[in-house]
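Start counting at 1 in the sequence shown, then tack on 1439, and there's your number in the working numbering.
Ideal placement from N, C-alpha and C gives every residue a C-beta, glycine not left out.
Note that the coordinates shown come from a computational prediction; the quantities given were computed from them, not determined experimentally.
Only one structure is covered here, and it is reproduced in the block below.
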Amino acid sequence: MAALPSDFQWGFATASYQIEGAVDKDGRGPSVWDTFCKLPGKIAGGVSGDVACDSYNRTAEDIALLKSVGATAYRFSLSWTRIIPVGGRGDPINQAGIDHYAKFIDDLLANGITPFLTLSHWDVPDGLEKRYGGVLNRTEFPLDFEHFARVCFKAFPKVKHWVTFNEPWCTSIHGYWSGQFAPGRGSNREKNPEGDSTTEPWIAGHNLLVAHGRAVKVYREEFKPTNGGEIGIVLNGDAVFPWDATDPEDVAACDRKIEFSICWFGDPVYFGEYPASMRKQLGDRLPTFTPEEKALVQGSNDFYGMNHYCANYIKHRTGEPEPDDHMGHLEALFYNKRGDCIGKETQSTWLRPCAPGFRDLLVWLSKRYNYPKIFVTENGTSIKGENDLPKEQILEDDFRVQYFDDYVKAMATASALDGVNVRGYFAWSLLDNFEWAEGYETRFGVTYVDYENGQTRYPKKSAKSLKPLFDSLIRKD
Ligand code: PNW
């Protein structure tokens, strides 16, 4: 079934802090992740992104790898602190950082690979965290991000596909609720005395939205008329199935789960308001958009960037929600009432593959936001126990091959039969890399990186599986 449009782009995704290493090279300043990794007990194995895949020093190798597996596009992110080491609009700009990325973009294009560029994939400048609390500052943070974005739009005019932020849900919830991600605030699981998990995630999310809106306004007014490209935000969210399909409360909780994860950001971007379910549960703890903020945020997506990995069964809760509940007063489970399992275990506790959910969620989002153009900006899986296997077996990653086959076909079906306007797909990830709080123990790459032996790259079976798959699905007309 040739089900995808002939101009469909596909490739792989990465993020700066997860792959670059070279954290002190050419004038780079620290991000909140450099600082966070130094806190005891935060990262499995006590590791950091100091070396990672050493991609900063191996750009030619990474491009050759992309080319060898047939990718037509590459999604990567900028290290804000390579470009503005302290981070703010009054701080010095580092030409060496700009030159590095400009050359990388030129080299990608020379090899026929289209860059999709994320401005910020979680590595917010530590200088701004220390100066005014970073993302939590409602006036300063959006203005500093706007400035950073303008510097980048000007410096990289050949880039035609821009992402402002990657997964503001993760920044807000894991940075300010669970404390599992930088800057490690939130009073929940970690019993961290810092922060307030009943308010700060909602403030962080709000400020990220306004910062996104500011960058989009700058792009549209000052650059888009000549550059001709497009810009959007990337949102993550899992698919949902009711725990008891005959219980209307579980069915309603399914929608609420998506509203508290995806529509928290999607509704302001498309409608200018937070979802009613969130306002109802959170009241004044959820900030209100000022008229100026609303004007910045509403209508600010040229495309919808979708990160998607897995699914859950959803069971409603009874009684009153906990003050720090962030999910919409429900449970997300791996088993339903009948005892069916949503999908096989992986190395990531939160990730169980269930490809039919992908089609459902593509349709759900398309209906809610009136069939926007969608780029699937991340999709992929870890494999249970992969890191403990010898290299030869890691390279035979049939589980990942099957995952991509199932998910890409589910997406193609949504495109062919459901009218979903999906125009690109990026597998997560090109390389095994620094998997945040899980360090290097969890591998998401289609390429094995031998961290013990000079970061040598070995493509796994999955790296070569995507080209034939897309060749069979993209229309030739
Ligand atoms: C994405 N969760 O994050 C990120 O964009 C990547 O940087 C990351 O490496 C990849 O997924 C794999 O984890 C997520 O706990 C991290 O639900 C955690 C969750 C979701 C997405």
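Rounded to the nearest whole angstrom, the CA to CA distance from Gly1884 to Leu1869 is 5 Å. Contact between Leu1558 and Trp1601 holds, with the beta-carbon distance rounding to 7 Å and staying under 8 Å. Taking 3 residues as the shortest admissible run, the stretch 1453-1520 contains the following complete beta strand (DSSP E) segments, listed from N- to C-terminal end: 1512-1516.
The DSSP-derived three-state label of Val1885 is coil.
For Lys1754, the beta-bridge partners assigned by DSSP are Glu1770.
Along the length of the stretch 1776-1806, whole beta strand (DSSP E) runs at least 3 residues long do not occur. Using a Cβ distance threshold of 8 Å, Asp1530 and Thr1474 do not count as a contacting pair. If you draw a straight line from the Cα of Thr1520 to the Cα of Gly1468, it comes to about 5 Å. Taking C-beta separations shorter than 7 Å and ignoring five residues to either side along the sequence, the partners of Tyr1774 in its chain run Tyr1752, Cys1780, following chain order. The criterion of a C-beta distance shorter than 8 Å is not satisfied by Gly1623 and Lys1477.
DSSP places His1651 within a helical segment (H, G or I) once states are collapsed to three. At a threshold of 7 Å, Phe1883 counts as near the ligand PNW, since its beta carbon sits closer than that to one of the ligand's heavy atoms.
In this structure, the beta-carbon distance from His1560 to Asn1605 falls below 8 Å.
For Ser1445, same chain residues with a beta-carbon under 8 Å away, outside a window of 5 residues either side, are Ile1913, Arg1914, Lys1915, Asp1916 in chain order.
Asn1746: member of the beta strand (DSSP E) spanning 1743-1746, first to last residue. Not a single heavy atom of the ligand PNW lies less than 7 Å from the C-beta of Glu1712. Proximity to Glu1759 across Trp1789, Lys1719, Arg1589, Gly1778 peaks at Lys1719, based on C-alpha coordinates.
The closest heavy atom of the ligand PNW lies less than 7 Å from the beta carbon of Trp1875. Within 7 Å of the C-beta of Cys1780 there is not a single heavy atom belonging to the ligand PNW. Contact between the stretch 1575-1583 and the stretch 1638-1657 is established, with three or more Cβ pairs separated by less than 8 Å.
Taking each of Lys1696, Asp1764, Asp1706, Tyr1879 in turn and checking the Cα distance to Ile1672, the smallest one comes out for Asp1706. Distance between Leu1505 and Ala1491, taken at the CA atoms: about 18 Å. As computed with DSSP, Ala1678 is found in a beta bridge with Ala1750. Spatial neighbours of Asp1683 in its own chain (CB-CB distance under 6 Å, excluding positions within 5 residues in sequence) are listed in chain order as Asp1689, Lys1776. The Cβ neighbour count for Thr1881, taken over all protein chains shown within 10 Å, is at least 16; the residue is labelled buried. In terms of CA proximity to Asn1826, Tyr1887 leads the group Tyr1887, Ile1552, Lys1733, Lys1464. Going by beta carbons, Ser1854 and Ala1442 fall inside the 8 Å limit. Comparing alpha carbon positions, the residue from Ile1642, Tyr1748, Leu1769, Asn1666 closest to Phe1728 is Ile1642. In chain order, Trp1449 place their CB closer than 6 Å to the CB of Phe1909, counting only its own chain and leaving out the 5 sequence neighbours on each side. Minimum Cα-Cα distance from Asn1818 among the listed residues Lys1569, Ile1552, Asn1746 corresponds to Asn1746.
Pairing Phe1592 with Val1657 gives a Cβ-Cβ distance under 8 Å. Residue nearest to Gly1536 within the set His1586, Met1717, Tyr1571, Ala1594 is Ala1594 (criterion: CA-CA distance). Nearest C-alpha to Pro1907 among Phe1543, Ile1544, Gln1737, Asp1844: Asp1844. Of the heavy atoms belonging to the ligand PNW, at least one sits nearer than 7 Å to the Cβ of Trp1867. At a Cβ-Cβ threshold of 8 Å, Ile1813 and Tyr1743 count as neighbours.
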